[in-house]
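Residue numbers (the numbering used here): 974 to 1315.
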């Protein structure tokens, strides 16, 4: 009888304790309430990575319940420095988000000695925009059509080997036989564009959203012109600018299609591997609400920023699928872009 009483008492105590644990278990919403969140990006503050980070920080805060969301620029090596940091150093607590370079997968496969991360380990929350890479030249560069690139040397400005400012002109050199000479070391896309304006270089490869947000007047005034675009589908307002994939065949076409995967990633947000799943899900929902907020869209347009969103799960699939490219295609791309395996 005593044994039964003890057992019953123990069971009652367990139920009480269990109920207490369930009642006090912290939800993701409770975790984020009043916290300070951070968005890290790997480029200068004046470019579109900085601009999208800032506007996302502004509108994400109320949807997460955070007191504020701050941004941090960590430029270097075309975004690889920041990506390595976020993968190896940042705490996976859901308080630090990361806007990776759109070349994150490309750099992982083409430059394995430089990267210290795995793209598919990041948990994608979503992207605010998707955009093609466009090679833009000064109108006085002497290039009238794509074929002219094969006979005339053009100097291109670059922010680093991990960025599209280096990768895309190098790709065009490799698959078309263009004569781009690439000068690296500019601290951000704005510096590279300034060098182009001052005729230190004659061109830069950036996303169309970068060009439209910073230098739209260059195109209306005839100072610069887009020559070729790299992406999955044409930009709506560039119907007459050829797609690089349409200019090549065979193995080169496979390489171009692989390189074009950067476009859909755009300006997205991620959190590191190991972030609790309930916080990942909460942030994905908050991100989706943010990019669907009419005020966010209007404010973005005022800042000359487009909104063409995709979900975190969609981006996760794009990354996973991109990593399935064959070793032969990767080696061929390395040889074309860097002259050897990197």
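For each residue, glycine too, the CB sits at the ideal point set by N, CA and C.
Beta-carbon proximity of residue 1041 to residue 1034, cut-off 7 Å: A Cβ-Cβ contact shorter than 7 Å links residue 1041 with residue 1034.
Alpha carbon of residue 1301 to alpha carbon of residue 1067, nearest angstrom: One Cα belongs to residue 1301, the other to residue 1067, and the distance between them is close to 37 Å.
Runs of alpha helix (DSSP H) wholly within the region 1075-1155 (minimum 4 residues, chain order): Counting only runs of 4 or more, we get 1077-1083 and 1137-1149.
Integer Cβ distance of residue 1061 from residue 1088, believed to fall under 8 Å: Wrong, their Cβ atoms sit about 11 Å apart, outside the cutoff.
Residue 1307 to residue 1145 span [Cα, whole Å]: 13 Å
Short Cβ contact (7 Å threshold) for residue 1208 with residue 1105: yes
Endpoints, the beta strand (DSSP E) within which residue 1292 is located: Careful: residue 1292 lies outside any beta strand (DSSP E), inside the alpha helix (DSSP H) at 1285-1295.
Collapsed DSSP secondary structure at residue 1269 in the structure displayed: helix
Beta-carbon proximity list for residue 1044, same chain, < 6 Å, skipping 5 on both sides: Taken in chain order, the residues that qualify are 1012, 1026, 1027 and 1030.
Runs of beta strand (DSSP E) wholly within the region 1001-1074 (minimum 3 residues, chain order): 1009-1014, 1041-1046 and 1069-1072
8 Å Cβ shell around residue 994 - same chain, five flanking residues per side excluded: Per-residue confidence for residue 994 stands at a pLDDT of 39, beneath the threshold of 50, marking its modelled position as unreliable; the derived number appears in the next sentence. Here the set comprises nothing.
Close-in-space but distant-in-sequence residues of the same chain around residue 1229 (CB under 8 Å, 5 per side omitted): 1144, 1148, 1203, 1217, 1218 and 1221
Proximity of residue 1065 and residue 1248 at Cβ, strictly below 7 Å: Yes, the Cβ-Cβ distance between residue 1065 and residue 1248 is below 7 Å.
Local Cβ density within 10 Å of residue 1103, reported as buried at 16 or more and exposed below that: buried
Contacting residues, own chain, Cβ-Cβ under 6 Å from residue 1191 (five flanking each side not counted): Correct list, in chain order: 1197.
Where residue 1202 sits in the DSSP three-state scheme: strand
For residue 1078 and residue 1231, the rounded distance between their alpha carbons: Between residue 1231 and residue 1078, the C-alpha separation is close to 10 Å.
C-beta contact flag for residue 1152 and residue 1126 at 7 Å: yes
Nonlocal neighbours in the same chain, by C-beta distance under 6 Å from residue 1250, ignoring five residues either side: none
8 Å CB neighbourhood of residue 1276 in its chain, flanking five on each side removed: 1024, 1028 and 1186
For residue 1303, the three-state DSSP class (helix, strand or coil): Here residue 1303 carries a helix assignment [DSSP, helix/strand/coil].
Assigned exposure category for residue 1286 - 16 Cβ within 10 Å defines buried: Its Cβ having fewer than 16 others within 10 Å, residue 1286 is exposed.
Between the CA atoms of residue 1063 and residue 1000 - distance to the nearest angstrom: Distance between the alpha carbons of residue 1000 and residue 1063: 22 Å.
Own chain residues within Cβ distance below 6 Å of residue 1326, not counting five before or after: Nothing in the structure corresponds to residue 1326, since the chain is present only between 974 and 1315.
Straight-line gap, residue 1181 to residue 1238 (C-alpha atoms, nearest Å): 14 Å
Pair within 7 Å by beta-carbon distance, residue 1161 and residue 1129: no
Same chain, Cβ closer than 7 Å to residue 1150, neighbours up to 5 away in sequence not counted: 1123
DSSP-derived helix/strand/coil call for residue 1195: coil
Residue burial classification, residue 1299 (beta-carbon count within 10 angstroms, cutoff 16): So residue 1299 counts as exposed.
Inter-residue spacing [alpha-carbon to alpha-carbon] between residue 1236 and residue 1075: 7 Å
Distance between residue 1115 and residue 1199 (C-alpha atoms, nearest Å): 13 Å
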